[in-house]
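Numbering (the working numbering), first residue to last: 241 to 430.
Just so it is clear, CB atoms sit at the ideal spot from N, CA and C, and this is done for glycine as well.
The structure under discussion appears below in the form of structure tokens.
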């Protein structure tokens with residue numbers, strides 16, 4: 241027996257020698273790291289569900305047929321304000337999420353996020369139109385070409401008032417009204 245052999249391992253194996261009983265050699269079972277990453281992803285998805293407003297959550301729960309225990313756990317998590325209790329409840333929600341297919345939930349959340357991004361992009365485009373109308377005299381003609389239902393006299397009046405407000409440094413009432421009119425025009429056109 242050499243000094244590097246050490247005492248015989250009586251019934252114990254080193255970590256490198258252990259074989260997972262459910263996993264045969266060459267089996268493609270997920271590693272512990274992969275399982276933990278999936279578990280954390282499900283818990284994050286559960287936290288996103290807790291953060292949804294009540295109307296959207298009710299819509300999602302009906303659409304994806306969430307289990308009643310999960311719905312109850314999410315509703316309970318919303319009512320818990322103590323940090324430790326809330327953290328435990330979120331972990332419980334994450335545990336319940338493991339038995340749910342996350343794909344339909346993720347698709348719905350992504351659709352809402354894309355809708356919000358599109359709304360934001362449209363709002364920025366309308367803000368650019370408003371600023372352009374105040375700076376460029378020919379911008380009203382370009383806007384009328386894009387939106388044929390445009391009420392030119394109303395817009396001319398609002399543009400003139402907004403320019404006057406800006407020159408006098410007074411509150412931007414007409415400036416805001418111009419944006420509201422642009423928003424209504426875009427909504428009517430789509």
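Buried or exposed by the 16-neighbour rule on C-beta atoms within 10 Å, applied to residue i
i: residue 471; result: Not covered by the structure: residue 471. The range shown for the chain is 241 to 430.
i: residue 357; result: exposed
i: residue 410; result: exposed
i: residue 288; result: exposed
i: residue 355; result: exposed
i: residue 294; result: exposed
i: residue 286; result: buried
i: residue 414; result: buried
i: residue 256; result: Legend: pLDDT at residue 256 = 49, less than 50; position of this residue unreliable, no value from coordinates given.
Close beta carbons around residue i, own chain, < 6 angstroms, minus the five adjacent residues each side
i: residue 399; result: 373
i: residue 283; result: 334
i: residue 418; result: 370, 398, 402
i: residue 387; result: 425, 429
i: residue 304; result: 344, 345
i: residue 302; result: none
i: residue 338; result: 282
i: residue 384; result: 390
Distance between beta carbons of residue j and residue i, contact taken as under 8 angstroms
i: residue 292; j: residue 300; result: 7 angstroms
i: residue 329; j: residue 317; result: 4 angstroms
i: residue 428; j: residue 389; result: 6 angstroms
i: residue 340; j: residue 314; result: With 8 angstroms as the limit, residue 340 and residue 314 do not qualify as a contact, their Cβ atoms being about 11 angstroms apart.
7 angstroms Cβ shell around residue i - same chain, five flanking residues per side excluded
i: residue 423; result: 366
Cβ shell of residue i (< 8 angstroms), same chain only, five flanking positions each side left out
i: residue 406; result: 374, 412, 415
i: residue 392; result: 380, 384
i: residue 483; result: In the structure displayed, the chain extends from 241 to 430; residue 483 sits before or after that span and is not available.
i: residue 296; result: 352
i: residue 450; result: Residue 450 lies beyond the stretch modelled for the chain, which goes from 241 to 430, so this question has no answer here.
- Message: Quick test of the definition: if touching needs 3 or more C-beta pairs under 8 angstroms, does the stretch 394-409 touch the stretch 365-382?
- Response: Enough Cβ pairs lie closer than 8 angstroms, so yes.
- Start-end ranges of the alpha helix (DSSP H) lying completely within the stretch 309-388, minimum 4 residues: Those alpha helix (DSSP H) runs which fall completely within the stretch 309-388 and span 4+ residues are 323-337, 342-375, 379-386.
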